[in-house]
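**Student:** Chains as they are written, first to last, in the working numbering: chain Y, 20 to 413; chain B, 109 to 247. Here it is: the structure, laid out below.
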Amino acid sequence: MVSGQKRAAVIGCGAVKVGRYPERQESELALMAIRDALKDARISKKQIEGLFTTPDLQGNIGLQTNLLCEYLRISPRSMAEICCGAIAGGLTLKYAADEIRAGRIRIAVCYGAAREASINWFKSVTQDHGWSMIEPTALQPYAAYGIIWAYALSARRYMHETGATEEDFALAAVRNRRNAAESPVAAFTKPITVADVISSRSLASPIKLLDSAASLDGAAAIVVASEEVARDLSPHPVYLLGWGLHHDNSCVIPTDDYRKSISHFTATREAAKNAFGAVGVKPGDVDVAEIYAPFSSHELIIPEDIGWFEDGEMVKAIRGGETEIGGKIPINTDGGLTSRGHPWPATPLYETINIVRQLRGEAGPNQVKNAKIGLMHCEGGMMNNGLVMIFGRD
Amino acid sequence: MTSRPNYLKPTNLDSPGVKKFWEGLREGKFLAPRCVDCGELFFPPRTHCPECLGEDLAWEELSGEGTLYSWTELFFVQPEFDAPLLLGLVDLADGAGRILTRISGGTETGLHIGMPVTIRISTHKDGMALYYAEPLRAK
């Protein structure tokens, strides 16, 4: 899919620590992340030819990139605000790579900024807009108040099919928290135990507070360049080797077809298969991975869908530490969604940045030894659209 | 900002895709559309057949029989319902699809995946006819 001459590379990363920024605008958080990314890439703002971003949660009218062009005093020749549920952050990178491969631009900035906590975004969409968040014409009076119920139903079904326990889910939350202690951007770094997770309050059984990703503020930005420019400018370009995308035709949970699974997800499986096929590598070739699991239950489900484990094998794998740093496939070495915090429009870019850090060998105590191939997964709806991107270095 | 919507009084009750469904509930019937052109029975109701995209639909009363596919005890609950809300996914025996519904009984005790349930209809306290699933719990 990606020819040798036209690969795109990530050459710069910048991100603010996930948390609460009530005194800042989203565009100001974006500026902070972009400034750091430019510095990391060792380029001038004048070199930005493309600017791509994610949905604006503050309800403005699609003028985010216009505003950032003014903030930055730049005049790019390609720009877009890209929406597609929570894979939007990953799609900004795809868009930039497509523009670069088409020869229209050489250097782009992709960013996502959100202040979910400070503007109380989730309360706004779930309580003020009611069931229309899911589907305005569906008759789902019970399908309101966010989307945690969908993940909970999925988690329960996975337990039924595999024998996984709530303690197994908790192990993933504990692993993420341990990794977060060494993350430069994670919001939650205080160590937790399985007992802490189990005794935290139930939100939607079997999901508890410490199994869950907090909706927080954040901003992340990457500088993407053509291979030629990357080789010229960067001591450590990280190439986007290929990607896979898939949608399984359900909006949130598959209601239209009772044969569809919610313990495993077609979109993740097909996206991963497409990505591995495009790049010509196998799941076992991946050295380090970031997966988009808003709840700890899906830390078990997603690795099976991507192909590192057979269905149900993650139960044994999480108990055996196979997804820890040093294990078979280190996952979410930055704390994952549950401990890094989850400003969703920016989350896939935070994930990408951690993969870049790992492939550059800059992950400090959390470094996966000699990591050469990294994978980033993100999803939208409830695992109904999936995006898997595979990265590599020289 | 407009005031918060009432979950049980959505603005789309009269939309052509679902009006007949809600009317059916008020008459005690649990209805689903079947496509006259291609024969597809589907749920949830919409203005069009998701298989052939046709708009010529007839309504059939479903048996209401189903099996419990999964459930959760939800603590974030819209004000029209009491917390915690027992929510389940039910596979409808008629093959129409899967429905997200409240499960009666108020407790997880005795629930198990695969157990038979029946879709029932009740009138909510503010007058709206709503469906729910009644599990056939072991005595």
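We put the beta carbon where it would ideally sit given N, CA and C, even for glycine.
Assign Asn404/Y to buried or exposed, taking buried as 16 or more other Cβ atoms, counted over all protein chains shown, within 10 Å of its Cβ.
**Tutor:** With 16 or more Cβ atoms within 10 Å of its Cβ, Asn404/Y is classed as buried.
**Student:** For a contact meaning CB atoms closer than 9 Å, what does Arg175/Y contact in chain B?
**Tutor:** Ser178, Trp179, Thr180 and Ile221
**Student:** Using 8 Å as the limit for Cβ to Cβ distance, is Phe151/B near chain Y?
**Tutor:** yes
**Student:** Is the region 352 to 370 of chain Y touching the region 119 to 139 of chain Y in the sense that three or more CB pairs, one from each, lie closer than 8 Å?
**Tutor:** Cβ pair count under 8 Å is three or more, so yes.
**Student:** Check Val242/Y in the structure and name its three-state DSSP category.
**Tutor:** Looking at Val242/Y - three-state DSSP - the assignment turns out to be strand.
**Student:** Anything in the region 211 to 227 of chain Y with a Cβ closer than 7 Å to a Cβ of chain B? List those residues in chain order, please.
**Tutor:** Ser221, Leu222, Ala223 and Ser224
**Student:** Does the beta carbon of Gly182/Y come closer than 8 Å to any beta carbon on chain B?
**Tutor:** no
**Student:** What's the C-alpha gap between Val298/Y and Arg26/Y?
**Tutor:** 12 Å
**Student:** Cys397/Y and Gly109/Y: beta carbons closer than 8 Å?
**Tutor:** yes
**Student:** Leaving aside the five residues before and after Gly172/B along the sequence, list all residues of the same chain whose C-beta is less than 6 Å from its C-beta, in chain order.
**Tutor:** Phe138, Thr226 and Ile227
**Student:** Less than 8 Å between the beta carbons of Arg54/Y and Gly33/Y, yes or no?
**Tutor:** yes
**Student:** CA-CA distance, Leu415/Y and Glu89/Y?
**Tutor:** Within the shown structure, residues of chain Y are numbered from 20 to 413, placing residue 415/Y beyond reach of any answer.
**Student:** For the beta strand (DSSP E) containing Thr72/Y, name the first residue and the last one.
**Tutor:** For Thr72/Y, the enclosing beta strand (DSSP E) covers residues Gly69 to Thr72.
**Student:** Please name the residue, chosen from Tyr311/Y, Asp304/Y, Ala191/Y and Glu247/Y, that lies closest to Leu229/Y on a Cα-to-Cα basis.
**Tutor:** Ala191/Y
**Student:** Out of Leu378/Y, Phe410/Y, Thr184/Y and Ala233/Y, point me to the one whose CA is closest to Phe141/Y's CA.
**Tutor:** Ala233/Y
**Student:** Scan the region 125 to 136 of chain B for residues whose Cβ lies nearer than 8 Å to a Cβ of chain Y and list them as they occur along the chain.
**Tutor:** Hits within the stretch, in order: Gly125, Val126, Phe129 and Trp130.
**Student:** So what does DSSP say about Tyr258/Y, is it helix, strand or coil?
**Tutor:** strand
**Student:** Under 8 Å between C-beta atoms, does Tyr130/Y make it to chain B?
**Tutor:** no
**Student:** Classify Val29/Y as buried or exposed, calling it buried when 16 or more other Cβ atoms lie within 10 Å of its own Cβ.
**Tutor:** buried
**Student:** Cβ of Glu318/Y within 8 Å of Cβ of Gly355/Y?
**Tutor:** yes
**Student:** List the residues of chain Y that Asp199/B touches, going by C-beta distances under 7 Å, in chain order.
**Tutor:** Tyr277
**Student:** Using a beta-carbon distance cut-off of less than 8 Å, what residues from the region 356 to 372 of chain Y approach chain B?
**Tutor:** With the criterion set as a beta carbon lying under 8 Å from some beta carbon of chain B, the region 356 to 372 of chain Y has no members that meet it.
**Student:** Would you kindly work out how many angstroms separate the C-alpha atoms of Ala60/Y and Tyr130/Y, rounded to a whole number?
**Tutor:** 14 Å
**Student:** Counting Cβ pairs, one atom from each stretch, are 3 or more of them under 8 Å apart for the region 257 to 268 of chain Y and the region 280 to 297 of chain Y?
**Tutor:** yes
**Student:** Which chain B residues sit within Cβ distance under 9 Å of Ile272/Y?
**Tutor:** For Ile272/Y, the residues of chain B that pass the 9 Å Cβ criterion are Leu197, Arg206 and Leu208, in the order they occur in the chain.
**Student:** Near Lys233/B, what residues of its chain come up, given a Cβ to Cβ distance below 7 Å and the 5 sequence neighbours on each side ignored?
**Tutor:** none
**Student:** Is Glu131/B near the ligand MN, in the sense that its beta carbon is under 7 Å from a heavy atom of that ligand?
**Tutor:** With respect to the ligand MN, the structure offers nothing, as it holds no ligand at all.
**Student:** Return the residue from the list Ser315/Y, Ser316/Y, Glu118/Y and Trp327/Y that minimises the CA-CA distance to Ala308/Y.
**Tutor:** Trp327/Y
**Student:** Would you tell me roughly how many angstroms separate the C-alpha atoms of Pro41/Y and Ser269/Y, rounded to the nearest one?
**Tutor:** Near 36 Å, if we compare the C-alpha coordinates of Ser269/Y and Pro41/Y.
**Student:** Per DSSP, which residues does Glu309/Y bridge with? Please list them.
**Tutor:** Answer is Met395/Y.
**Student:** Could you give the first and the last residue of the continuous alpha helix (DSSP H) run that contains Glu332/Y?
**Tutor:** From DSSP, Glu332/Y is part of no alpha helix (DSSP H); its letter is neither H nor E.
**Student:** Which one of Asn79/Y, Ile372/Y and Asp304/Y has the shortest CA to CA distance from Val35/Y?
**Tutor:** Ile372/Y
**Student:** Can you tell me which of Gly235/B, Cys143/B and Ala241/B puts its alpha carbon nearest to the alpha carbon of Trp130/B?
**Tutor:** Gly235/B
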